[in-house]
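Inspection log for the structure reproduced underneath, given as C-alpha cells.
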Amino acid sequence: MKKTRFQPGLYKSLTSYFIKNTLAGRKRFPLVLMLEPTHRCNLACMGCDRIRTAADGDLTVERCLEAARECRAPVVAVTGGEPMLYRELPRLVSGLLAEGKYIYLCTNGILAREFIESFDPDPRLTLNFHLDGMQGTHDRITGLPGSFEKSVESIRLARRRGFRISTNTTVYKASETAELDSLFALLDNIGVDGMLISPAFAYQSVEEKDKIFFDRREINEKFNLMSGFLKKYPLINTPTYMDFLRGRRQLRCTPWGNPTFNPLGWKSPCYLVTDGYYDTYARMMEQTDWKVYEQGKDPRCSNCMVHGGYETTVMRLAFTSPREMLRLALWNMTKTR
Ligand code: SF4
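359 is the number of the first residue of the sequence shown in my numbering; add one for each residue after it.
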C-alpha cells in the first residue's frame with residue numbers, strides 16, 4: 359500500500375486533539391513533546407547545544423511517561439543526547455506506544471543496530487536518522503570518521519526490517535546545495551519515507567556562531583536556491599513552512615507547541631532558548647511570558663526559523679483555515695511510495 363508523508367492515523371489523532379482542546383477552551387496546547395531521556399552522546403557535532411549544556415544523569419522511564427501524560431501532546435520526539443545510549447529505550451518506546459503516542463525516535467544511527475534488530479516495527483513509530491551531508495561533510499560535522507557509513511548502514515537495515523523511516527538534515531552556512539541534492543537522492547533511493555531539512559539552530563552556547571549559522575536573509579537565499587531539486591523528494595517540511603523559509607510568507611512562532619523535557623526539567627521558553635527549568639509542565643506554562651515569544655519580541659528570536667516553533671503555527675493555521683487544510687491534505691498524499 360502507498361504511504362503518505364505522515365500516517366493518516368496521525369492526522370486523525372491531531373484533528374480530534376485540536377477539536378477537544380478547542381472545545382475545552384484551551385488557548386495553548388502542545389503538539390509534540392521533545393523528550394530528552396539522556397544528554398549523553400557518542401558524537402560531538404559542530405552545531406549542537408546539548409553537548410555543551412548537558413545535564414548529568416538520565417531520566418527514569420516512569421518520569422518520561424509521566425511527562426508525556428502531563429503535557430498530553432499526541433506526538434513524542436525521543437531525542438537527546440543519543441537515545442540509543444539510554445539503557446531502557448525499548449521499555450520507554452513500548453510505554454509511549456501503549457499510551458497511544460506517535461513517536462519520532464531521533465538517532466545518529468551509529469548505535470542503532472541492536473534496537474533495529476530487536477524491536478518490532480510499529481505504524482506509530484518512525485525512526486528519524488540525522489545526516490548532514492555526504493561522507494566527508496557528515497563525518498567532519500559529527501567529528502567521527504565513519505559515522506556517515508554507519509548511519510547509512512542502519513537506515514538500510516531499518517528499511518529491510520520494515521520500519522517507517524525519516525531523516526533530518528541540518529543546513530549550515532557552509533552546506534553545498536549540490537551535495538545535499540546527492541544526499542537526498544541516496545536516501546530516496548534507499549526508500550526513506552520522509553526527509554526533514556532545517557536551517558541550523560543559532561544556539562547561544564555554540565562558539566563561532568557567525569561562521570556556522572545563518573541570519574534570516576541568508577536562510578531565505580539558501581532555501582530559494584534549493585527549491586528546484588527539493589521538489590523531487592518526499593520532504594516532511596510542510597509547504598507553508600517552506601514558503602516561510604524562502605521568505606515568501608510571514609509566520610509567527612508558536613513557542614509552546616513543542617515543549618522540551620529533560621533531566622533538568624521542563625525547559626522554558628522553547629527548544630532553542632533557555633531562560634529556566636520547571637519541575638512541572640503546568641508551572642512552566644503558567645510562569646512563562648508567552649506573549650514576548652509569540653510576538654517575536656525577544657532579540658534571540660530575530661533569526662530563528664526553527665521548525666519546532668513554526669510548523670506548529672502551520673498546523674494551527676490548517677485547523678482554522680479550510681484552504682490551508684486542503685493544501686496540507688493534498689501535500690500529504692503526494693510524493694509517497
Ligand atoms: S522564535 Fe525561535 S527562539 Fe524564539 S521562541 Fe520561537 S522557537 Fe524559540
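We put the CB at the ideal spot given by N, CA and C, even for glycine.
- DSSP links M553 through a beta bridge to T525, L593.
- Bounds of the alpha helix (DSSP H) holding A536 are 535–548.
- C464 sits close to V436, with the two beta carbons spaced by under 8 angstroms.
- Around the beta carbon of I523, 16 or more other beta carbons lie within 10 angstroms, which makes this residue buried.
- The criterion of a C-beta distance shorter than 8 angstroms is not satisfied by R386 and W689.
- In this structure, Y599 is the residue among Y599, S512, L454 with its C-alpha nearest to the C-alpha of Q608.
- One thing to note: L450 has its Cβ no nearer than 8 angstroms to the Cβ of N616.
- The alpha-carbon of A402 is positioned some 12 angstroms away from that of T411.
- For W624, the enclosing beta strand (DSSP E) stretches over residues 623–627.
- Between G367 and R408, the CB-CB gap reaches or exceeds 8 angstroms.
- With contacts defined as CB atoms closer than 8 angstroms, P557 and V529 qualify as a contacting pair.
- Ranked by how close their Cα comes to the Cα of G605, the residues E576, Y591, K589 have E576 in first place.
- For M691, the CB contacts under 7 angstroms within the same chain, skipping 5 residues up- and downstream, are T362 in chain order.
- Beyond the five residues adjoining it in sequence on each side, G501 comes within less than 8 angstroms, by CB distance, of L401, A402, C403, M404 in the same chain, given in chain order.
- Counting the other CB atoms within 10 Å of its CB gives P657 a total below 16, which places it among the exposed residues.
- Going by C-alpha positions, A516 is about 12 angstroms away from D480.
- Assigned with DSSP and collapsed to three states, M663 falls in coil, not helix or strand.
- Shortest Cα-Cα distance from N547 to any of R519, I513, E534 involves I513.
- Considering only T484, M673, T618, F677, the residue with the shortest C-alpha distance to C429 is T618.
- For T646, same chain residues with a beta-carbon under 6 angstroms away, outside a window of 5 residues either side, are S626, P627 in chain order.
- Beta-carbon to beta-carbon, N466 and T525 are separated by about 11 angstroms, too far to satisfy the 8 angstroms threshold.
- Note that the region 443–460 touches the region 417–429; at least 3 beta-carbon pairs, one per stretch, sit closer than 8 angstroms.
- Assignment of D601 by DSSP, reduced to helix, strand and coil, places it in the helix class.
- Assignment of beta-bridge partners to Y635 by DSSP yields K625.
- In this structure, the beta-carbon distance from T596 to E537 does not fall below 8 angstroms.
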